[in-house]
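Student: Here you go, one structure.
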Amino acid sequence: GPHSIGAHVRDAAAYVCWACARAYAPAVLENFVHVLASSLLIMACYDREVNCRRAAAAAFQEAVGRLGNFPHGIDILSVADYFSVGNVTQAYLRVAPYVSSFPEYRLSLADHLVGVKLRHWEKPLRELAAKAAASLVPDNGEYFSTIAFDTLLPYCLDAVLEVRHGAVLGVAELLPALNAAGIVLSAERQAQVANLVPAIDKARLYRGKGGEVMREAVSRLISSMSAVCLPLSKAQHAKVQEALDE
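Okay, here's the thing in structure tokens:
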């Protein structure tokens, strides 16, 4: 919904992680290393609030220094430090792709974008999350061409504006990224994407609350479909032209 809550809780949680790194021996936290590292990096890269991103980066740095068992900790700290995550665009589009280059964190970052950030209540953050998802394709093309599309396509017609808007944007940004990486969608998924514009029009999602937002997202989708030369039937082509003419 249209609410900003929980930032103080996330900030405090990062401080708890920082304190745990100082208080416990590496052997005590050994079984929780992957969960801690992944959660802190997701927060450092993708949290909306700058204080939360910086708190997570500081906690990650403390854990790397004190515990010494976070995978690729030193390498990640060279890019994901307190200052680099201060700018949200840089955190999403420069820091996160670097972190995703390490297999231990690849899936958790991608899952968070697809399952959480693409349905965020704030429109600019959904737009940034869609671009961020595309930036992860070079290291995780298999996931985005299969699981991500299978997750996003049904949500493109969701009753909740934020969910369907983010899903359409996600599909729109992933199409050219996958094409640039030389990854071809299955015929079934291509057909589903080709039918999105007629389906959105049939569901009357251009009307009422969020109609203009959906038109903007669909325009971006049409641009991406054209860029990758997605095959369309005559009926689908007519619907796409009709959407642009309106």
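Count along the sequence shown from 1, then add 42; that gives the number in the numbering used here.
No residue lacks a Cβ here, since even glycine has one placed at the ideal position from N, Cα and C.
Starting from residue 64, trace the alpha helix (DSSP H) both ways and give me its first and last residue.
Tutor: Residues 49-65.
Student: Give the single residue among 260, 228, 274 and 253 whose Cα lies nearest to the Cα of residue 209.
Tutor: Nearest C-alpha to residue 209: 260.
Student: With respect to the alpha helix (DSSP H) encompassing residue 17, which residues constitute its N-terminal and C-terminal limits?
Tutor: What the structure shows of the chain is the stretch from 43 to 288, and residue 17 is not part of that stretch, so it cannot be assessed.
Student: Less than 8 angstroms between the CB atoms is what I'm expecting for residue 203 and residue 252, so what's the real figure, rounded?
Tutor: Between residue 252 and residue 203 the Cβ distance is about 4 angstroms, and since that is below 8 angstroms, they are a contact.
Student: I need the straight-line Cα distance from residue 98 to residue 227, nearest angstrom please.
Tutor: For residue 98 and residue 227, the distance between alpha carbons rounds to 36 angstroms.
Student: For the region 166-178 against the region 136-153, do three or more pairs of beta-carbon atoms, one drawn from each stretch, fall closer than 8 angstroms, so that the two count as touching?
Tutor: Touching, yes.
Student: So what's residue 124 in DSSP terms, helix, strand or just coil?
Tutor: It is coil, neither helix nor strand.
Student: Leaving out five residues on either side along the sequence, give the residues of the same chain with a beta carbon under 7 angstroms from the beta carbon of residue 62.
Tutor: Closer than 7 angstroms at the Cβ level, and outside the excluded window around residue 62, lie 71.
Student: Residue 141 lies in the alpha helix (DSSP H); which residues open and close that run?
Tutor: Note, residue 141: alpha helix (DSSP H), 138-142.
Student: Could you pull the start and end residues of the alpha helix (DSSP H) that residue 186 belongs to?
Tutor: Looking at the DSSP string, residue 186 is not in any alpha helix (DSSP H), and its letter there is neither H nor E.
Student: Leaving aside the five residues before and after residue 123 along the sequence, list all residues of the same chain whose C-beta is less than 8 angstroms from its C-beta, in chain order.
Tutor: Around residue 123: 99 and 103.
Student: Under the three-state reduction of DSSP, which class applies to residue 270: helix, strand or coil?
Tutor: Looking at residue 270 - three-state DSSP - the assignment turns out to be coil, as it is neither helix nor strand.
Student: Excluding five sequence neighbours on each side, which residues of the same chain lie with their C-beta closer than 7 angstroms to the C-beta of residue 148?
Tutor: Around residue 148: 142, 181 and 182.
Student: Taking the alpha helix (DSSP H) that residue 346 falls in, what are its first and last residues?
Tutor: Residue 346 is absent from the model: the chain starts at 43 and stops at 288.
Student: State the DSSP-derived secondary structure class of residue 281, mapped to helix, strand or coil.
Tutor: The answer is helix: DSSP assigns residue 281 an H, G or I state.
Student: I'd like the list of long-range same chain contacts for residue 214, defined as Cβ closer than 6 angstroms, with 5 residues on each side in sequence excluded.
Tutor: Same-chain partners within the cutoff: 262, 263 and 266.
Student: Does the region 148-165 come close enough to the region 65-84 that 3 or more CB-CB pairs lie under 8 angstroms?
Tutor: Touching, yes.
Student: Which value, in whole angstroms, describes the spacing of the CA atoms of residue 236 and residue 272?
Tutor: One C-alpha to the other measures close to 7 angstroms.
Student: Output the distance between the C-alpha atoms of residue 241 and residue 234, rounded to the nearest integer angstrom.
Tutor: Distance between the alpha carbons of residue 241 and residue 234 is about 10 angstroms.
Student: Among the candidates 48, 78, 282 and 67, whose CA atom is the shortest distance from the CA of residue 58?
Tutor: Comparing Cα positions, the closest option is 78.
Student: Got a sec, what are the start and stop residues for the alpha helix (DSSP H) residue 96 sits in?
Tutor: Note, residue 96: alpha helix (DSSP H), 92-109.
Student: Consult DSSP for residue 248 and reduce its assignment to one of helix, strand or coil.
Tutor: Coil, per DSSP.
Student: Can you check which of these residues, 216, 162 and 278, is closest to residue 190 by C-alpha distance?
Tutor: Nearest option by C-alpha distance: 216.
Student: Hey, would you say residue 206 sits closer than 8 angstroms to residue 199, going by beta carbons?
Tutor: Going by C-beta atoms, residue 206 is nearer than 8 angstroms to residue 199.
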